[in-house]
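Student: Here it is, the structure in full.
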Amino acid sequence: MTQPLDINAVSAHYGTTKVLEDLSLSVQAGELVSLLGASGCGKTTTLRLIAGFLTPSSGSIRLGGRDLTQLPPHRRDIGLVFQNYALFPHLSVLDNVSFGLKQRGVPPAERRKRAMGMLERVGLAPLADRAPGALSGGQKQRVALARALVIEPPLLMFDEPLSNLDAKLRVDMRVEIRELQRANGTTSVYVTHDQEEAFSISDRVAIMNAGRLMQFDRPETLYRQPANTFVARFVGFENIVPFKVVARDAEVVTAETSGMRIRLSQTAYGPIPDTFLLASRPDGLQVTTDLSAKGLPATLGLRTYLGRAYQYQCETAAGHLVANGSLTAPLESGTQVRLVPAPEQSCILATEGGR
Amino acid sequence: MTDRPHPILIIVAALVYVFLMVPLVIVVGAALSDTTYLTFPPQGLSLRWFTNIFEISAFRRTIVTSLQIAFLGTFLALVIGIPAAYALNRYRVELPRWLGTLFVLPILVPEIVFGFALLKSLTVGAGVPIFVALLIGHTLLVLPYVVRVISASLASFDFSIEEAAISLGSAPLKTFFTIVLPNVRAGMIAAFILAFITSLNDVSVSLFLTGPGISTLPIQILAHVEQFFDPTVASVSVLLMFLTVAVMAVVERTLGLTFLAK
């Protein structure tokens, strides 16, 4: 019943504007994949292409054995959950959920039984006769979820389903969505701009930017090993500094930037190319007042309080960097320090042309 | 601190009501007069001018024509106006802005000019029969009201609801009837009433399009007043008022009038 989704070299235009460029993406059967990016990155366009509300200018979309590309949206058999719930205001909760079954010619008695069963699963059976207008946001989204799931679609898609809910409910609902999706084993595509949401519930995440796929990987990999500077910045590697290797001594590499040298161990970072970018999170630069340490010389600027640490704006010969320092010894603006990259919070990126 | 309105406000409101109601009271009074001429206060009480309406064949015929034109014209305007309003709202981004303005033009053009233009093009130019020309004229006259009122109720309609239905397997045309229309029902009824009353009361357009043997009630009233000064005109007016009140009462009972104010 559950089927793999294959997006093959799909491009899309709005008028003359290219909004999606040569996107290829495969979602395995039963997998939950998130499309993540800022607004205008093409994630919603991708969802609408799969649903059939937009037509690609080139490329193909396949679900299981079927080619969806030329199929009208009402024959694609895809469950959709919208940001604004999109419940039918003139129908009861029960009629909303059984709507899809009615379209499939399921007889009334069975329709009712299956819809009630689905409402039971999302915990809304007692509200079956209510009008959607009488429900809270979370309840509405549960009805929408039940309505999409009850038709047992081979593919389920979510378009920013939690954006209209408050923070606490958002976390509860995403766990609920994930549990239902797992239990049904339904192949799912989940569109969101919220990184935490995407990372927490997805098997794999596709990070998109300006109509292009930047990286498609497991959340753990994206978080530790971004493939390029865009993804690196997106997942919080705020400090990206270009380096050039000047000496190799067994496992230890000496690299240089703006006349400053640091030593990196290849056992910690993996093989290091001759030119590279060192990307680190603010947590990945240790601030030390020991001026003999092997790190980047820096002058501290503004200090802000994060709760778990102090954050310092740092001026170095390699540019402006951000580092976190310990709570026990707050340092004053103007202090000369060394910034030592911590391997577990830093990574090596290939140098990108033109950047 | 009380919720009672200021006395001056009450007086002003009362004056406004008096100002609005007095002409109506005078018409009703005149209609009930036993005299053979229009007068107020009525002298004697009689319903004979009401029965007189139906004794004059021109009134009988024009009442029927007016109702036919109002029903058919409103129906046609709904058939054209609802899909038009839907398209204008659904594809608001894609469609050029002037297209929406096009449907409001009959209101913007002075009705007398509009009527004359229809006479020139339909009756004189194309030789369209009088009844058909009247029907076309009234359809065009009320179309802007239909498009505007339906657009207003579609403006708050979330079109992702339509997409949800389509994704659940409902074909687009079926979705229009089962999902979109039920959600603009109040707008449709409001549009119907507004269009029906506008058509029933129209003088300017009908003046040009009526012809030998076929006329509408308001035109017949005008013609009658030119020749006679008896209270029949007043009783016809009262009859029209009660027809309107009856329509409103039915609506109030079934839907509540609040939606008209939306």
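Line by line, the protein sequences give chains A and B.
Counting from 1, one number per residue, gives the positions in the first sequence under full-length UniProt numbering.
Counting from 1, one number per residue, gives the positions in the second sequence under full-length UniProt numbering.
Where is the CB? At the ideal position from N, CA and C, for every residue including glycine.
1. What is the DSSP secondary structure of S34/A, reduced to helix, strand or coil?
2. Report the three-state DSSP secondary structure of A255/A (helix, strand or coil).
3. By DSSP's criteria, V113/B is part of a beta bridge. Which residues make up the other side?
4. Can you give me, in chain order, the residues of the region 87-102 of chain A that have a beta carbon less than 8 Å from any beta carbon in chain B?
5. Interface residues of chain B around R104/A at Cβ under 7 Å?
6. Suppose the cutoff is 8 Å on Cβ atoms and the five residues either side in sequence are ignored; what does the same chain contact list for I166/B look like?
7. Which of the three DSSP states is assigned to I151/A in this structure?
8. Ignoring anything shorter than 3 residues or poking outside the region 91-164 of chain A, list the beta strand (DSSP E) runs there in chain order.
9. I want to verify the contact list: residues of chain B whose CB lies under 9 Å from the CB of H74/A, in sequence order.
10. Would you decide whether T187/A is buried or exposed? Buried here means 16 or more other CB atoms lie within 10 Å of its CB.
11. Cα separation between A318/A and T335/A?
12. Counting along the chain, where does the beta strand (DSSP E) carrying K18/A start and finish?
13. Mind checking which residues open and close the beta strand (DSSP E) that includes E315/A?
14. What's the call for A183/A, buried or exposed, on a 16-neighbour Cβ count within 10 Å?
15. Could you please give the first and the last residue of the uninterrupted beta strand (DSSP E) stretch that includes R263/A?
16. Assuming P144/B is part of the alpha helix (DSSP H), what are its boundary residues?
17. Check whether the Cβ atoms of I262/A and A268/A lie closer than 7 Å to each other.
18. In angstroms with no decimal places, state the Cα-to-Cα distance between V189/A and G211/A.
19. Between which two residues does the alpha helix (DSSP H) holding A12/A run?
20. According to DSSP, is H320/A part of a helix, a strand, or is it coil?
21. Can you name the residues that DSSP bridges to I80/B?
22. Just verifying my parser: in three-state terms, what is the DSSP assignment at I56/B?
23. For R212/A, which residues does DSSP report across the bridge?
24. Would you report the Cα separation of F114/B and V205/B, rounded to the nearest angstrom?
25. With DSSP run on the structure shown, which of helix, strand or coil describes T62/B?
26. Find the nearest neighbour of R303/A within the set S333/A, E220/A and A38/A, judged by alpha-carbon distance.
27. Y269/A bridges to which residues according to DSSP?
28. Shorter than 7 Å from the beta carbon of S46/B to some beta carbon of chain A?
29. Report yes if the C-beta distance between D81/A and A146/A is below 7 Å; otherwise report no.
30. Excluding sequence positions up to five away, which residues of its chain have a Cβ less than 7 Å from the Cβ of A131/A?
31. Let me check understanding here. Comparing Cα to Cα, which of K294/A, S202/A and Q345/A lies closest to V27/A?
32. Do Y312/A and L300/A have their C-beta atoms closer together than 7 Å?
33. Hey, could you find the ends of the alpha helix (DSSP H) G29/B is sitting in?
34. For T55/A versus V191/A, is the C-beta distance shorter than 7 Å?
35. Name the chain B residues that come within less than 7 Å of I240/A, Cβ to Cβ?
36. Using 7 Å as the limit for Cβ to Cβ distance, is F82/A near chain B?
Tutor: If we stick to the structure as given:
1. On the first sequence, position 34 is the one that residue 34/A refers to. Three-state result, S34/A: strand.
2. The residue you call residue 255/A lines up with position 255 of the first sequence. Here A255/A sits in strand by DSSP.
3. Against the second sequence, residue 113/B aligns to sequence position 113. Per DSSP, none; premise fails for V113/B.
4. L87, F88, P89, H90, F99 and G100
5. Here residue 104/A is taken as the residue at index 104 of the first sequence, counted from 1. In chain order: G169.
6. As a working note, residue 166/B is residue 166 in the second sequence. Taken in chain order, the residues that qualify are P172 and T175.
7. In the first sequence, counting from the first residue as 1, residue 151/A sits at position 151. In the structure shown, I151/A sits in coil (DSSP, three-state: anything other than H, G, I, E or B).
8. 155-159
9. One-based indexing of the first sequence puts residue 74/A at position 74. A165, I166, S167, L168, G169, S170, A171, P172, K174 and T175, listed in chain order.
10. By 1-based counting over the first sequence, the position of residue 187/A is 187. With 16 or more Cβ atoms within 10 Å of its Cβ, T187/A is classed as buried.
11. For this step, residue 318/A is matched to residue 318 along the first sequence. For this step, residue 335/A is matched to residue 335 along the first sequence. Roughly 17 Å between the two C-alpha positions.
12. Counting from one through the first sequence, the residue named residue 18/A turns up at place 18. Per DSSP, K18/A belongs to the beta strand (DSSP E) from T17 to V27.
13. Within the first sequence, numbered from 1, the residue matching residue 315/A stands at position 315. Start and end: Y310 to T316.
14. Counting from one through the first sequence, the residue named residue 183/A turns up at place 183. Exposed is the call here.
15. One-based indexing of the first sequence puts residue 263/A at position 263. From DSSP, the beta strand (DSSP E) with R263/A extends over M260 to S265.
16. Numbered from its first residue, the second sequence carries residue 144/B at position 144. Where P144/B is concerned, the enclosing alpha helix (DSSP H) stretches over I130 to A155.
17. For this step, residue 262/A is matched to residue 262 along the first sequence. For this step, residue 268/A is matched to residue 268 along the first sequence. No, the Cβ-Cβ distance between I262/A and A268/A is not below 7 Å.
18. Your numbering for residue 189/A matches position 189 in the first sequence. Your numbering for residue 211/A matches position 211 in the first sequence. Straight-line Cα distance between these residues: approximately 17 Å.
19. Looking up residue 12/A in the first sequence gives position 12. Here A12/A belongs to no alpha helix (DSSP H); instead the beta strand (DSSP E) covers L5 to Y14.
20. The residue labelled residue 320/A in the question sits at position 320 within the first sequence. It is a strand residue.
21. Here residue 80/B corresponds to residue number 80 of the second sequence, with the count starting at 1. Its beta-bridge partners do not exist; DSSP assigns none.
22. Residue 56/B sits at position 56 when you count from the first residue of the second sequence. Here I56/B sits in coil by DSSP.
23. On the first sequence, residue 212/A is found 212 positions in, with the first residue counted as 1. According to DSSP, R212/A bridges with N209/A.
24. Along the second sequence, one-based indexing puts residue 114/B at 114. Along the second sequence, one-based indexing puts residue 205/B at 205. If you take the alpha carbons of F114/B and V205/B, they lie about 7 Å apart.
25. Here residue 62/B refers to the residue found at position 62 when the second sequence is read from its first residue. Helix.
26. Against the first sequence, residue 303/A aligns to sequence position 303. The residue with the shortest Cα to Cα distance from R303/A is S333/A.
27. Within the first sequence, numbered from 1, the residue matching residue 269/A stands at position 269. Answer is none; Y269/A lacks a bridge partner.
28. What you label residue 46/B is simply residue 46 of the second sequence in a count that begins at 1. No, no contact with chain A.
29. Start at 1 with the first residue of the first sequence, and residue 81/A comes out as number 81. Start at 1 with the first residue of the first sequence, and residue 146/A comes out as number 146. One point to set straight first is that residue 81/A is Val, not Asp, in the sequence displayed. No, these two residues do not count as a Cβ contact at 7 Å.
30. As a first step, residue 131/A must be located in the first sequence, where it is residue number 131. Closer than 7 Å at the Cβ level, and outside the excluded window around A131/A, lie S92.
31. Looking up residue 27/A in the first sequence gives position 27. The option with the nearest alpha carbon to V27/A is S202/A.
32. Working through the first sequence from its first residue, we reach residue 312/A at position 312. Working through the first sequence from its first residue, we reach residue 300/A at position 300. A contact, by the Cβ cut-off of 7 Å.
33. Here the question's residue 29/B lines up with position 29 in the second sequence. P7 to A31 is the span of the alpha helix (DSSP H), which, as asked, contains G29/B.
34. Within the first sequence, numbered from 1, the residue matching residue 55/A stands at position 55. Within the first sequence, numbered from 1, the residue matching residue 191/A stands at position 191. Not in contact: T55/A and V191/A (Cβ atoms no closer than 7 Å).
35. Residue mapping note: residue 240/A aligns to position 240 of the first sequence, counting from 1. Ordered by position in chain B, no residue passes the 7 Å Cβ test against I240/A, which lies about 39 Å from the chain.
36. For this step, residue 82/A is matched to residue 82 along the first sequence. Yes, F82/A lies at the interface with chain B (some Cβ there is under 7 Å from its Cβ).
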